[in-house]
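Read the structure below first, then the notes.
2 protein chains.
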Amino acid sequence: MSIVKEVVLSRRERLRAETSHEIKAIALKLMAEGGPDAISLRAIAREMGMTAGAIYGYFATRDDLITTLISDVYSDLVDTVEAARDSKQVSDAGGRLLAWGEAFREWAITNPQGFRLIYGDPVNGYEPPEGGAAPEAAHRACVGLTGLVAAVWPYAERTQSNGDHRWPDFDPALVAVVRKSFPELPAAAVALSLRVWGRMHGLVALEIYGHLGSQTQKPAKLYRAEMLDLLAALGVADAVNGRAR
Amino acid sequence: MSIVKEVVLSRRERLRAETSHEIKAIALKLMAEGGPDAISLRAIAREMGMTAGAIYGYFATRDDLITTLISDVYSDLVDTVEAARDSKQVSDAGGRLLAWGEAFREWAITNPQGFRLIYGDPVNGYEPPEGGAAPEAAHRACVGLTGLVAAVWPYAERTQSNGDHRWPDFDPALVAVVRKSFPELPAAAVALSLRVWGRMHGLVALEIYGHLGSQTQKPAKLYRAEMLDLLAALGVADAVNGRAR
DNA sequence: TTCAGTTACTGAACACTGTGTAGCAACTGT
DNA sequence: ACAGTTGCTACACAGTGTTCAGTAACTGAA
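So the sequence lines, in the order shown, correspond to chains A and B. Following UniProt numbering, the numbering of the first sequence begins with 1 at its first residue and continues without gaps. Following UniProt numbering, the numbering of the second sequence begins with 1 at its first residue and continues without gaps.
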């Protein structure tokens, strides 16, 4: 094995990358069809015309594969919500937050198994590695949401400054990023962004796991009402055109 | 077999009930130790000095056992939050809602595996029966929460009446109960109670599944801030003594 | 007390699962 | 053309839910 890595992938590396990608693609397909539990090495191998053991040449263990999948799916989620946010003008802070929230739910409804994979117990006995399964994507999500809250902070500061939050209450790495990107932002705003995350997550998680379906026929309407109430609480309701659709 | 059921349990029925109870108790113990996935018929049987097949004399299938467990655990959760609510005076509507919310999180922190069992993907490939796994307990929770929202509605009506919610948006059974218990309550209040549920669920679910732990060191403080913000939004903040502990 | 009937349970089997290991065969660079 | 690496198969092991024939224990009545 050469120490210096080739810039151009060799044939072997290319085939290897393709196989690796095929494993992940089939795993995602199986997950979309039969839920996260349907991701079994044997099922993947069967679909590829391989043996289960062969997959160990690509992923050290099944949990490794799952972790990679979580990372990929999480990235896709963050890509989606970021794109939705960026479809609104930067000046429209409330609209950007609303777009993020709506895109979050729509992605979850479209990829319920993906949502379970990221935010639930994915598979039989899977334990995420230390530091979470997809720290990179989770980090992006957190920073993105904090950015939205930062944009809204001038409106929300008046009502959301209480709560006695201090910087050491939060993760040092998160604090570092926030203080670097938004030097003026107080700790209370970080708390707010986490709470906003919680508000988005709550109704969507209940819906995905079927606890809301037996109570309301219009979960989308309910979620939108929650988002609009959130914007109102943040003092940016006027920035949204119209109250409800 | 006699058609008329004996009032006093026969020795056989007593032993049977005891064994059934032991199965559930051991299943809960295994779950508390190793997560919901640790609930395997073979492990339970091993612990009881039995064979796995023997359990089929008590539960038709593993999913049946799981469903029973969910029902039991869910009932325990509802008992807890109801007790917390009733520890406050009926006149203290805001305090009762806050007590419910705090008890909800505390129960979840104390019984994380139980929370996963109720609100997550409990076990490898478990599918809840039609109508949810524990309709009785879920019903109690929903009615209890709606009762709290009804008590708070005089304060919240002014700010929470928008959203264009109609009765047919909700489950007929839920509507029937609500309209019977609280005839004056509008549909918007039912929507509010579901949204309140979502707000409580969001942060707790994120915390239980480890997504909050990597962001904040003080999830309890964050949750309390969210609850106080909720009370403020409902217009009952003044009913709570002091802002934060 | 004896005896049939019911019930509780065992033990083995089947089809799965993840995970290792030994060996073979094909591809790779020299 | 020849080593060396690597991708994969085949098999084994331990675990899972589930079914089923057979056995042992307990129950109620003669």
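Cβ coordinates follow ideal geometry from the N, Cα and C atoms, glycine included.
Sequence-distant residues of its chain with Cβ nearer than 8 Å to residue i (five each side left out)
{"i": "A43 (chain A)", "result": "L30"}
{"i": "H201 (chain B)", "result": "Y119"}
{"i": "F78 (chain B)", "result": "It should be pointed out that residue 78 (chain B) corresponds to Val in this sequence rather than to Phe. Contacts found: A137, R140, A141 and G144."}
{"i": "L212 (chain A)", "result": "L203, L206, P219 and L222"}
{"i": "A84 (chain A)", "result": "A99, W100, E102 and A103"}
{"i": "G35 (chain B)", "result": "Q113 and R116"}
{"i": "T67 (chain B)", "result": "P128, P129, A133 and A134"}
Member of the options whose CA lies at the smallest distance from the CA of residue i
{"i": "E127 (chain A)", "options": "A:P112, A:T61 and A:A232", "result": "A:T61"}
{"i": "Y56 (chain B)", "options": "B:D79, B:R16, B:D37 and B:R195", "result": "B:R16"}
{"i": "L28 (chain B)", "options": "B:I70, B:S214 and B:R46", "result": "B:I70"}
{"i": "V152 (chain A)", "options": "A:I208, A:S193, A:G210 and A:D76", "result": "A:S193"}
{"i": "residue 292 (chain B)", "options": "A:Y209, A:E22, A:E18 and A:E13", "result": "Chain B is shown only over 1 to 245; residue 292 (chain B) falls outside these bounds and no answer can be derived."}
{"i": "E106 (chain B)", "options": "B:A176, B:V204 and B:R85", "result": "B:V204"}
{"i": "G94 (chain B)", "options": "B:D63, B:A54, B:G114 and B:L148", "result": "B:L148"}
{"i": "R158 (chain B)", "options": "B:M48, B:A84 and B:A188", "result": "B:A188"}
{"i": "T146 (chain B)", "options": "B:V175, B:S161 and B:D121", "result": "B:V175"}
{"i": "L161 (chain B)", "options": "B:F104, B:V90, B:A233 and B:G198", "result": "Per the sequence presented here, residue 161 (chain B) reads as Ser, with Leu not at that position. Of B:F104, B:V90, B:A233 and B:G198, the residue nearest in Cα terms is B:A233."}
{"i": "D37 (chain B)", "options": "A:R199, A:D121, A:R224 and A:P129", "result": "A:D121"}
{"i": "N111 (chain A)", "options": "A:S91, A:I23, A:A52 and A:D72", "result": "A:D72"}
{"i": "A65 (chain B)", "options": "B:R14, B:R195 and B:A25", "result": "It is worth fixing the name first, because residue 65 (chain B) is Leu in this sequence and not Ala. Of the listed residues, the one whose Cα sits closest to L65 (chain B) is B:A25."}
For residue i, three-class secondary structure by DSSP
{"i": "T80 (chain B)", "result": "helix"}
{"i": "T68 (chain A)", "result": "helix"}
{"i": "F170 (chain B)", "result": "strand"}
{"i": "T61 (chain A)", "result": "coil"}
{"i": "T51 (chain A)", "result": "coil"}
{"i": "W107 (chain A)", "result": "helix"}
Same chain, Cβ closer than 6 Å to residue i, neighbours up to 5 away in sequence not counted
{"i": "A150 (chain A)", "result": "F182 and L185"}
{"i": "G235 (chain B)", "result": "Y155 and A156"}
{"i": "E102 (chain A)", "result": "none"}
{"i": "Y74 (chain A)", "result": "I118, A134 and A137"}
{"i": "K88 (chain B)", "result": "G95, R96 and A99"}
{"i": "M48 (chain B)", "result": "none"}
{"i": "D63 (chain B)", "result": "Y126"}
{"i": "A237 (chain B)", "result": "L231"}
Residue i - containing alpha helix (DSSP H), residue span
{"i": "G210 (chain B)", "result": "No alpha helix (DSSP H) contains G210 (chain B), which DSSP labels as neither H nor E."}
{"i": "K221 (chain A)", "result": "P219 to L234"}
{"i": "S20 (chain B)", "result": "R11 to G34"}
{"i": "V143 (chain A)", "result": "P135 to Q160"}
{"i": "Q113 (chain B)", "result": "P112 to Y119"}
7 Å CB neighbourhood of residue i in its chain, flanking five on each side removed
{"i": "S20 (chain A)", "result": "Y58"}
{"i": "F115 (chain B)", "result": "A108 and I208"}
{"i": "A191 (chain A)", "result": "G163 and H165"}
{"i": "E82 (chain B)", "result": "G144"}
{"i": "V90 (chain A)", "result": "none"}
{"i": "A173 (chain A)", "result": "none"}
{"i": "A52 (chain A)", "result": "L41, R42 and A45"}
{"i": "A32 (chain A)", "result": "Q113"}
The region 163–182 of chain B / the region 217–233 of chain B touching (three or more Cβ pairs under 8 Å): no
At least 3 beta-carbon pairs within less than 8 Å: the region 161–171 of chain B vs the region 214–225 of chain A: yes
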